[in-house]
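Below: one structure, written as structure tokens.
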Amino acid sequence: MELFDTHTHMDAPQFNDDREEAIQRALEQGVTRMINIGFNRETIPTTMKLAESHDFIYAAVGWHPQDAITMKDEDLDWIAQLCKHEKVVAIGEIGLDYYWDTSPKDVQHEVFRKQIRLARELGMPICIHNRDAHEDTVRILREEKANEIGGVMHSYSGSWEIAKMCLDLGFHLSFGGPITFKNAKQPKEVLAKTPMDRLLIETDSPYLTPHPFRGKRNETGYVRLVAEAAAELKGVSVEEIAEITTRNALERFGIR
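To convert, take the position in the sequence shown, counting from 1, and add 840; that gives our numbering.
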């Protein structure tokens, strides 16, 4: 069984004491590939270092909406240069975050639009962070013609109505730990309706730890628990979920 964690942060400080051990545990759980996300001036270099030092780790680079206020023109140029690297497979995570509100909404919108335009120019898929900003996220994706490149709605948490709009734009829906939570009714319902060829799984480690480890640090090896929950919701075997989601990820990110 081959699993693909499409969104992880194994470069995070939470792994400073046992990063390589955590990566090894993921391999032992059947994780054969992962995409590490570099989302600001601090995490892009550490993400690139991880990708360059492990054959099975790929990178996505972008500017997170929480950090939008810090982005400068040279940072966008930096992302553009990094996208030429053979291990960089997407621009992200980018998008909107109205929950933390650490950057003004107009600044978030501007930075989001600039990165979509860059992705279209380079022909790169995008990884979307969307927290409490569903309508504006879809509107900007439409206005900036993101359907021309597509991408992934990371850790999808919206309604099925919004999900259908994202699917119509050519995006995949990725699900993580919350689908294992007892009270997470909406993501479970959306996953059950998501077409198999648009389904991805992730951990977002060290965050959003799945049951039964909720409350503790998440790590990429726990994507197996996400696959098991997805299999139950879809009424198929975990082996089938692993095969389908891995194939979807390889195709979506252009990985051979």
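No residue lacks a Cβ here, since even glycine has one placed at the ideal position from N, Cα and C.
Annotation: Cys-967 is outside any alpha helix (DSSP H); the continuous beta strand (DSSP E) that includes it extends over 966-971. Taking the C-beta atoms as reference points, Ala-973 is found no nearer than 7 Å to Tyr-996. DSSP places Thr-846 in the strand class (E or B) of the three-state scheme. Under the three-state reduction of DSSP, Ser-943 is assigned to coil, being neither helix nor strand. Within the stretch 944-1021, the complete beta strand (DSSP E) runs of at least 3 residues fall at 966-971, 991-993 and 1011-1015. In this structure, DSSP gives Thr-872 an extended state, which the three-state scheme calls strand. Each of Cys-923, His-904, Gly-963 and Asn-1058 was checked against the Cα of Gln-948, and the nearest Cα belongs to His-904. DSSP lists Phe-1015 as the bridge partner or partners of Ile-1041.
Contact between the stretch 1038-1050 and the stretch 849-862 is present, with at least three C-beta pairs closer than 8 Å. Sequence-distant Cβ neighbours of Gln-869 in its own chain, meaning closer than 6 Å and more than five residues away, are Gly-1061 and Arg-1064. Comparing C-alpha distances from Cys-967 to each of Ala-1032, Ala-900, Val-928 and Trp-1000 shows the shortest one belongs to Ala-900.
Within the same chain, Cβ atoms closer than 8 Å to the Cβ of Thr-872 are found at Glu-842, Leu-843, Phe-844, Phe-896 and Thr-1086, the five residues on either side in sequence being excluded. Linking Phe-855 to Arg-865 through their CA atoms gives a straight-line distance of about 13 Å. Straight-line spacing of the CA atoms in Ile-1019 and Thr-977 works out to 22 Å. Distance from the Cα of Arg-971 is smallest, within the candidate group Arg-957, Asn-880, Arg-953 and Trp-940, for Trp-940.
The shortest CA-to-CA distance from Arg-979 to any of Ile-989, Val-992, Ile-1002 and His-994 is the one to Ile-1002.
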